[in-house]
């Protein structure tokens with residue numbers, strides 16, 4: 001399977017909320033990072049996708065612009081969903097970078113404009129505070145606590 005086919009499989013599974021299919025795309029030593037989740041190991045990233053697929057409300061996902069790179073791939077994807085903490089709709093445009101070895105993802109980094117996301121997810125509070133390191137750290141701490149709680153319940 002080419003890197004492009006692997007990433008297409010990954011996002012097709014995400015569209016279907018098939019977290020098990022997504023999990024199978026990762027190597028045992030995978031690492032994941034984005035604006036909310038930092039330095040997740042393979043078990044944590046697999047649990048994160050399961051949590052997001054199971055709890056995501058009104059999730060719609062599109063993806064494209066998948067390009068093979070030396071040792072990996074890049075992609076663009078957009079998620080539209082109801083942010084559960086506030087009940088607000090969010091449209092998040094994400095750039096993904098993948099490191100791939102032996103047909104599995106070993107490194108996955110998603111980047112997006114945190115301030116744009118925060119304004120949508122938190123409304124006026126996000127508008128006022130979403131640009132601050134304090135607010136971003138608070139979101140990261142809450143995200144990691146949610147993931148730990150989800151993993152402990154399994």
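Numbering (UniProt numbering), first residue to last: 1 to 154. The C-beta atom is built at its ideal place from N, Cα and C for all residues, glycine as well.
Checklist entry - Under a three-way DSSP split, which group does residue 50 fall into? => result Position 50 of the chain shown, counted from the start, is the residue given in the question as residue 50. In the structure shown, residue 50 adopts helical secondary structure according to DSSP, grouped into three states.
Item to check | residue 32 (DSSP reduced to helix, strand or coil) | outcome: What you label residue 32 is simply residue 32 of the chain shown in a count that begins at 1. Residue 32 falls in the strand class under three-state DSSP.
Next on the checklist: Please list the terminal residues of the continuous alpha helix (DSSP H) segment that includes residue 24.
Outcome noted: Here residue 24 corresponds to residue number 24 of the chain shown, with the count starting at 1. In the DSSP annotation of this structure, residue 24 is not part of any alpha helix (DSSP H), being labelled neither H nor E.
Checklist entry - Beta-carbon separation of residue 84 and residue 60 under 8 Å? => result Translated into positions along the chain shown, residue 84 becomes position 84. Translated into positions along the chain shown, residue 60 becomes position 60. No.
Next on the checklist: Below 8 Å on the Cβ atoms is my contact criterion, and I expect residue 88 with residue 120 to pass it. Report the Cβ-Cβ distance as a whole number of Å.
Outcome noted: Counting from one through the chain shown, the residue named residue 88 turns up at place 88. Counting from one through the chain shown, the residue named residue 120 turns up at place 120. About 6 Å; that satisfies the 8 Å criterion.
Next on the checklist: Three Cβ pairs or more, each shorter than 8 Å: is that satisfied between the stretch 51–58 and the stretch 92–99?
Outcome noted: Two segments are said to touch when three or more pairs of C-beta atoms, one from each, lie closer than 8 Å; by this definition the stretch 51–58 does not touch the stretch 92–99.
Checklist entry - Is there contact here, the stretch 122–130 with the stretch 20–32, by at least three beta-carbon pairs under 8 Å? => result Result no; under three Cβ-Cβ pairs closer than 8 Å.
Next on the checklist: Give me the residue from 14, 116 and 118 with the minimum Cα distance to residue 62.
Outcome noted: Looking up residue 62 in the chain shown gives position 62. Out of 14, 116 and 118, the CA that lies nearest to the CA of residue 62 is found in 14.
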